[in-house]
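Worksheet: one structure, shown below.
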Amino acid sequence: MMHEFQGQALSWQLKEGVIELALHREPANEIGSLTLEELEKFTAALEGLASEAHALILYSQLKSGFSAGADLRELYERMQKLTKPEACRGTRQFLQRIHHVLNTIDAAPVTTMAAVHGVCFGGGLELALVCDLIIADKMARFAFPELRLGLIPGFGGIPRLKRDVGNAVVRDLLLTGRSFNSTKAQNAGLVSQVAAEGEALKLARVTAAQLKKFDRHTAIAAKKFIKPIPHEELLKEIDIFCKLFSSPAVEAGLRKFVESTDAQPYLP
């Protein structure tokens, strides 16, 4: 079992019963093939790591924020290089793999926290949503901007958000594409604690130390009971995403994103 790993997109280490998974893929922790491969390495090691841990913290080492979401450039290139049926098949396989990874983290037998700052959009928000608790820097922003691309979130975001908050909040994020600040996200039940600017990771570490006082088996039993994984809805989400993916609107939306000269084209 690897107690630590240093990759190109992410790294992790186990220290004093806390696993820390750091994202560091420039420019904004976009989730593409490289990140997925390294997340698969992490989930393969997770069972062993969890036997010696009581908490897992996900955070970003980049100034830009937690994650801007899926690697849209890679998605667009796949669309350009392959025939439509091949591109759809490749996208479905990618989604199945990322769902497996995120379901594994969702069900991890430890208490999981996302320490979020800056941008937490699209696939980045979907990654944060698999955690039991989201601890956010007061300057963090949350959004599902996929609608602008003619898509819905594809990494399991809708069923997980629906599990955690009211349906009206889901519709607001999904249908408007607008971003929530930390206060609004906390009021909606998405964020559990708001930290001062630059303090989210520190607060997550303090929370992890607090969790150590409790019986681990009780925490695991409670988590299993109150946090079921919505498997059927997750499978349905992949089907809807793949159906939408082959539409001309998606190709046009992705092209616009890829050709944008804006320094941060993912911002709504």
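Residues in the sequence shown are numbered consecutively from 156, following my numbering.
The beta carbon of each residue, even a glycine, is placed where N, CA and C say it ideally should be.
Every value quoted in this text rests on a predicted model; they were computed, and no experiment measured them.
If you drop the 5 nearest sequence neighbours on each side, which residues of the same chain put their C-beta closer than 8 Å to that of residue i?
i           : result
residue 340 : 289, 291, 295, 297, 346
residue 225 : 185, 186, 187, 277, 278, 309, 310
residue 176 : 165, 166, 167, 197, 211, 212, 213, 214
residue 328 : 297, 298, 299, 316, 335
Which same chain residues, not among the five before or five after residue i, have their C-beta less than 7 Å away from its C-beta?
i           : result
residue 423 : Its pLDDT being 47, under 50, residue 423 is placed unreliably in this model, and the value from its coordinates should be taken loosely. Closer than 7 Å at Cβ, skipping near neighbours: 298, 300, 332, 333, 334.
residue 409 : 227, 230, 231, 234, 304
residue 219 : 182, 183, 273, 274
residue 396 : 250, 306, 307, 309
residue 352 : 292, 293, 294
residue 239 : 401
Kindly indicate which residue of the options has the alpha-carbon position closest to the one of residue i.
i           : options            : result
residue 338 : 328, 293, 325      : 293
residue 359 : 213, 200, 202      : 213
residue 280 : 265, 266, 307      : 307
residue 273 : 159, 217, 197      : 217
residue 330 : 258, 304, 286      : 304
residue 379 : 173, 258, 178, 219 : 258
residue 318 : 343, 254, 383, 354 : 383
residue 369 : 262, 208, 323, 202 : 208
residue 348 : 200, 260, 287      : 287
residue 315 : 242, 405, 252, 385 : 385
residue 189 : 169, 171, 162      : 162
What do you get for residue i, buried or exposed, if any count of 16 or more other CB atoms within 10 angstroms of its CB means buried?
i           : result
residue 377 : exposed
residue 157 : exposed
residue 390 : exposed
residue 402 : exposed
residue 260 : buried
residue 321 : exposed
Give every residue of the same chain whose Cβ lies closer than 6 Å to the Cβ of residue i, excluding the five residues on either side of it in the sequence, and list them in chain order.
i           : result
residue 356 : 214, 270
residue 414 : none
residue 246 : 400
Is the beta carbon of residue i less than 8 Å from the beta carbon of residue j?
i           : j           : result
residue 164 : residue 180 : yes
residue 221 : residue 196 : no
residue 324 : residue 343 : yes
residue 393 : residue 254 : yes
residue 263 : residue 201 : yes
residue 256 : residue 191 : yes
residue 266 : residue 366 : yes
What first and last residue would you give for the beta strand (DSSP E) that runs through residue i?
i           : result
residue 275 : 274-276
residue 292 : 288-292
residue 169 : 165-170
residue 348 : 348-350
residue 157 : No beta strand (DSSP E) holds residue 157; DSSP gives it neither H nor E.
residue 253 : Here residue 253 belongs to no beta strand (DSSP E); instead the alpha helix (DSSP H) covers 239-261.
residue 177 : 173-178
Starting from residue i, trace the alpha helix (DSSP H) in both directions and tell me its first and last residue.
i           : result
residue 395 : 386-400
residue 194 : 188-205
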